[in-house]
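Undergrad:
Residue numbers (my numbering): 2 to 318.
(1) Restricting to Cα atoms, I'd like to know which of 299, 261, 292 and 259 is closest to residue 272.
(2) With C-beta atoms as the reference, is residue 156 less than 9 Å away from residue 249?
(3) Is residue 298 helix, strand or coil when you go by DSSP?
(4) Under a Cβ-count criterion, where at least 16 other Cβ atoms within 10 Å of its own Cβ denotes burial, should residue 307 be classed as buried or exposed?
(5) Rounded to a whole number of angstroms, what is the C-alpha to C-alpha distance between residue 210 and residue 313?
(6) Give a yes or no on contact between the segment 252–262 and the segment 271–286, applying the rule of three or more CB pairs nearer than 8 Å.
(7) Roughly how far, in whole angstroms, is the beta-carbon of residue 164 from the beta-carbon of residue 291, given that I think they are within contact range, below 8 Å?
(8) Return the Cβ separation of residue 281 and residue 173 in integer angstroms, given the expectation that the two are a contact with Cβ distance under 8 Å.
(9) Comparing alpha-carbon positions, which option in 256, 215 and 239 lies nearest residue 222?
(10) Using 9 Å as the threshold, is the C-beta distance between residue 150 and residue 246 below it?
(11) Once DSSP output is grouped into helix, strand and coil, what is the label at residue 272?
(12) Specify, as a first and last residue, the run of the beta strand (DSSP E) that residue 158 falls within.
(13) Could you tell me the boundaries of the alpha helix (DSSP H) in which residue 303 lies?
(14) Keeping to the same chain, check which residues put their C-beta closer than 7 Å to that of residue 213; ignore five residues upstream and five downstream.
(15) In terms of alpha-carbon separation, which member of 283, 205, 295 and 199 lies closest to residue 315?
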C-alpha cells in the first residue's frame, strides 16, 4: 500500500475533514463549496479582456506602481477595470446545515490584502531568501497547475505529495505542479513579446522541472486567481489535459531536475470521476491553493450541482 493510500485510510477511519477546502468564489455562478471557517476566494477569469489586461498591462501590473497609491491614499478604485467587481460567494457546509453567504469586493481590495499583511509569516522565510520581491508585497505571485492525464481512453486527475524539501506545506498533498513567479525587478517567467510576467510560462517551467514533461501553451488554460486566507499569497490557477500514459509520467518524473520536491511514490492518478476524486479531496491534507486549483479544474468538467452532490455524499459516507 502506498504512502498516499495509507494517509487516506488513516484519515477516513478517523473521520477527519481537514480545513483546507474552505471556500471558492465562482464569478459566473455565485456558488462555491466551503468547509470550515477560513476563506480562499477564487476569481474566475471568464472575461478575456480582463485576463489580457492583467497579464500584459504596461504599468499597473508591477507591484510598486500598483500598490504605492493604495498605501498612500487608501484608494479603493485601483482595479484594472474600475467597473469590474468580484462577487465573493460561498456555500458553507457543516454537518447537515448549509448556509450561503455573498458579498462584493473589487480586484484592488483582493490584491491589497496581500500587501496589508506587511511582513512574512515564518512559513515563507525560505521563499523570501530565494526570490527577490517587491518590498511592498508580503508574498510574491505564484501559479498552481492541475492536470488531467489522458492515457488512451482513460482520464486521471494527477495529484502529488509534497516532500519535506519544499519551503511551504511540507508533506501535504498538492496539485500537479506549483511554483513562485518571483517578483520585484527579477521576474522568473516573462512573455516573449510583452516581457511581462506570465503564469502560463511558470507552469510550463515547473512541469519540466518537477515532472520532467515538456508541455506547451496550447495545452493549458488559465482558470482564475485565488488567495490563501492565512498568508495572503495570490496564486494563478492553471489547468490542462495532457495526452500521455501514466507509465510515461512516472518515468519522466523520476528523472526530473526537481524530483526531490515530490515525495517518493508521491504521484497519485485518480480516475476522473467525481465519486472517485472527492474522497481524496476531503480526507487528505492539502496546501490550500492546491485544493482551490482542483476545485477550479472540476468546474470545467462538472456542474456546481454535481460537485455539491458528490461532496455531500462523500461526507455522509
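The beta carbon of each residue, even a glycine, is placed where N, CA and C say it ideally should be.
Quick caveat, the model's predicted, so the values are computed rather than measured.
TA: In short, the structure shows the following:
(1) Measuring from the Cα of residue 272, the nearest candidate turns out to be 299.
(2) In this structure, residue 249 does not lie closer than 9 Å to residue 156 by Cβ.
(3) Residue state for residue 298 is assigned as helix, using DSSP reduced to three classes.
(4) Classified as exposed, residue 307 has fewer than 16 neighbouring CB atoms from the shown chains inside 10 Å of its CB.
(5) One alpha carbon belongs to residue 210, the other to residue 313, and they sit about 37 Å apart.
(6) With the cut-off at 8 Å, the segment 252–262 and the segment 271–286 do not touch.
(7) Taking a contact as a CB-CB distance under 8 Å, the pair residue 164 and residue 291 does not count as one, their CB atoms being some 14 Å apart.
(8) That belief does not hold up - the Cβ atoms of residue 281 and residue 173 are roughly 13 Å apart, past 8 Å.
(9) Nearest to residue 222 by alpha-carbon distance, out of 256, 215 and 239, is 239.
(10) Result yes, Cβ atoms of residue 150 and residue 246 sit closer than 9 Å.
(11) Strand at residue 272.
(12) DSSP places residue 158 in the uninterrupted beta strand (DSSP E) bounded by 155–163.
(13) Residue 303 -> no alpha helix (DSSP H), and no H or E assigned at all.
(14) Closer than 7 Å at Cβ, skipping near neighbours: 253, 254, 256 and 257.
(15) Comparing alpha-carbon positions, the option among 283, 205, 295 and 199 lying closest to residue 315 turns out to be 283.
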